[in-house]
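Peer 1:
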Amino acid sequence: MIPRVFVRRYIQPTRFAVRTATQLSHAKGANTPPLSNDTLPSFFEKELLAKFATRPALVSRHEPAGGSGCLRWSYEELWKQVNDLARGLLGLGVTKGSRVGVVMGNNRYDMRDQ
Numbered sequence: 007m008i009p010r011v012f013v014r015r016y017i018q019p020t021r022f023a024v025r026t027a028t029q030l031s032h033a034k035g036a037n038t039p040p041l042s043n044d045t046l047p048s049f050f051e052k053e054l055l056a057k058f059a060t061r062p063a064l065v066s067r068h069e070p071a072g073g074s075g076c077l078r079w080s081y082e083e084l085w086k087q088v089n090d091l092a093r094g095l096l097g098l099g100v101t102k103g104s105r106v107g108v109v110m111g112n113n114r115y116d117m118r119d120q
């Protein structure tokens, strides 16, 4: 037997107003500047590379690299690494809609994969 409370709240839809998806959303705070329509790669190129190309994007103290003591990637180097990974995936036949599993750790390769 179905409890009365359940019937009253969930089965009798005439007692509740139907809400659209926009009525279920909440908007708080400033609405300027408007949200960007850029894709992530486009935003990265326009905003981050244009302003911070030589600044450090990744510093990994536990990974040795050459003579500098620890691994350091600028935004430009990170962009190169991400594009190399993307080209490699395309070369393997990964396309839009393909499923790719990623196991993340705490190193430079995992930073690139994000």
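Using the numbering used here, the first residue of the sequence shown is number 7, and each one after it goes up by one. Glycine is no exception: its CB is placed at the ideal position from the N, C-alpha and C atoms.
#1: If residue 82 sits next to residue 56, beta carbons under 8 Å apart, how far is it from one beta carbon to the other, in whole angstroms?
#2: Can you say whether residue 84 is buried or exposed, counting buried as having 16 or more other CB atoms within 10 angstroms of its CB?
#3: Using a Cβ-Cβ cut-off of 8 Å (strictly less than) and excluding sequence neighbours within five positions of residue 76, which residues of its own chain qualify?
#4: Per DSSP, what kind of secondary structure is residue 56 in: helix, strand or coil?
#5: Which same chain residues end up closer than 8 Å to residue 61 when comparing Cβ atoms and leaving out the 5 residues on each side of it in sequence?
Peer 2: The answer reads as follows:
#1: Contact doesn't hold; Cβ gap of about 11 Å is too wide.
#2: buried
#3: 65, 66, 67, 68, 69 and 70
#4: helix
#5: 80 and 81
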